[in-house]
Amino acid sequence: DIQMTQSPSSVSASIGDRVTISCRASQGISSWLAWFQQKPGKAPNLLIYAASSLQSGVPSRFSGSGSGTDFTLTISSLQPEDFATYYCQQAISFPLTFGGGTKVEIK
Amino acid sequence: EVQLVESGGGLVQPGESLRLSCVASGFTFSSYAMTWVRQAPGKGLEWVSATRDSGSNTAYADSVKGRFTISRDNSKNTLYLQMNNLRVEDTAVYYCAKGTTGSTYYFNYWGQGTLVTVSS
């Protein structure tokens, strides 16, 4: 099974800050990676797929990069609605696996 | 508008069974992969099972293999998850989600979730 490790597990940031979240796969997954945002009590929302493709309707302040084993989600200028938990997910092989999540909190 | 509506959750005792349903609308259901993902209270996301568009290929997490069965009825636009021999650790909100193609497992639409509680 492919293990997905996210870091940090939580980050405190202010409005307007640039935030970077990392995701590492235990083996190479090419660009088969997605990023999700989840707010309390709500279903996850797809932000990025294929490592760097922005899902329709997602603000351009979100971007993804990386390939192979190391990936990054960047929020260029943090907005109030961005405080949430973020998950990566590999989509190259079964079992599909998620990272443990990164909670973005208000500083 | 794409909609996914789960139902069938509830409180059951260990060893009992439940069948979850997910009714889809707003897209050609038979053309897309579908999945079940769960989230235990206060925990992260855990993938459970998936099926490609035709239903001919299915996959399961090791934690549910042999106990859960995913199926779909493309004539009824409905995804199912038959859960047998439930365990306390199966307690979670169960989400169904739609893939971005018939055999690609990025999930761009999700239901609201249905809560399954397994407790004696």
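Each protein sequence line maps, in turn, to chains R and G.
Per this note's numbering, the first sequence starts with residue 27, numbered consecutively.
Per this note's numbering, the second sequence starts with residue 28, numbered consecutively.
Ideal Cβ positions, reconstructed from N, Cα and C, are used throughout, including at glycine.
Cβ neighbour criterion (16 or more within 10 Å) applied to residue i
i	result
residue 40/G	exposed
residue 67/R	exposed
residue 30/G	exposed
residue 89/G	exposed
residue 38/G	exposed
residue 101/R	buried
residue 29/R	exposed
residue 76/G	buried
residue 85/R	exposed
residue 31/R	exposed
residue 100/G	exposed
residue 67/G	exposed
residue 27/R	exposed
residue 33/G	buried
residue 42/G	exposed
residue 34/R	exposed
Collapsed DSSP secondary structure at residue i in the structure displayed
i	result
residue 48/G	strand
residue 48/R	strand
residue 91/R	strand
residue 80/G	coil
residue 38/R	strand
residue 147/G	coil
Test: residue i CB closer than 8 Å to a CB of chain R
i	result
residue 139/G	yes
residue 77/G	yes
residue 104/G	no
residue 133/G	yes
residue 63/G	no
residue 73/G	yes
residue 19/G	No information on residue 19/G is available, as it lies outside the stretch 28 to 147 that chain G covers here.
residue 89/G	yes
residue 51/G	no
residue 122/G	yes
residue 119/G	no
Test: residue i CB closer than 8 Å to a CB of chain G
i	result
residue 75/R	yes
residue 70/R	yes
residue 112/R	no
residue 123/R	yes
residue 81/R	yes
residue 120/R	yes
residue 94/R	no
residue 90/R	no
residue 151/R	Not covered by the structure: residue 151/R. The range shown for chain R is 27 to 133.
residue 51/R	no
residue 54/R	no
residue 39/R	no
residue 42/R	no
Task: Cβ contact check for the segment 67-76 of chain G and the segment 110-123 of chain G: 3 or more pairs under 8 Å - done: Three or more pairs of CB atoms, one per stretch, sit closer than 8 Å, so the segment 67-76 of chain G contacts the segment 110-123 of chain G.
Task: Length at least 3, wholly inside the segment 65-143 of chain G: the beta strand (DSSP E) runs in chain order - done: Counting whole runs of 3 or more residues, the segment 65-143 of chain G contains the beta strand (DSSP E) stretches 72-78, 85-87, 95-100, 105-110, 119-126 and 134-137.
Task: Completely contained beta strand (DSSP E) runs for the segment 45-133 of chain R, where each covers 3 or more residues - done: Taking only runs of at least 3 residues, the beta strand (DSSP E) segments lying wholly in the segment 45-133 of chain R are 45-51, 59-64, 71-75, 88-93, 96-101, 111-116 and 128-132.
Task: Cβ pair count under 8 Å reaching 3, the segment 85-97 of chain R against the segment 91-108 of chain G - done: Not touching, per the Cβ criterion.
Open item on the list: Across the segment 127-141 of chain G and the segment 125-133 of chain R, are there enough close Cβ pairs to call them in contact, namely three or more that are closer than 8 Å?
Closed with: No: fewer than three Cβ pairs fall under 8 Å.
Open item on the list: Between the segment 47-62 of chain G and the segment 101-114 of chain G, can you find at least three pairs of beta-carbon atoms closer than 8 Å?
Closed with: In this structure the segment 101-114 of chain G touches the segment 47-62 of chain G; the number of beta carbon pairs closer than 8 Å is three or more.
Open item on the list: Any contact between the segment 108-121 of chain R and the segment 77-84 of chain R? By contact I mean 3 or more CB pairs, one from each, below 8 Å.
Closed with: Judged by Cβ distances under 8 Å, the segment 108-121 of chain R makes no contact with the segment 77-84 of chain R, as fewer than three pairs qualify.
- [ ] Count the CB pairs spanning the segment 56-70 of chain R and the segment 35-45 of chain R that are closer than 8 Å, and state whether there are at least three.
- [x] Between the segment 56-70 of chain R and the segment 35-45 of chain R, the count of Cβ pairs shorter than 8 Å is below three; the stretches do not touch.
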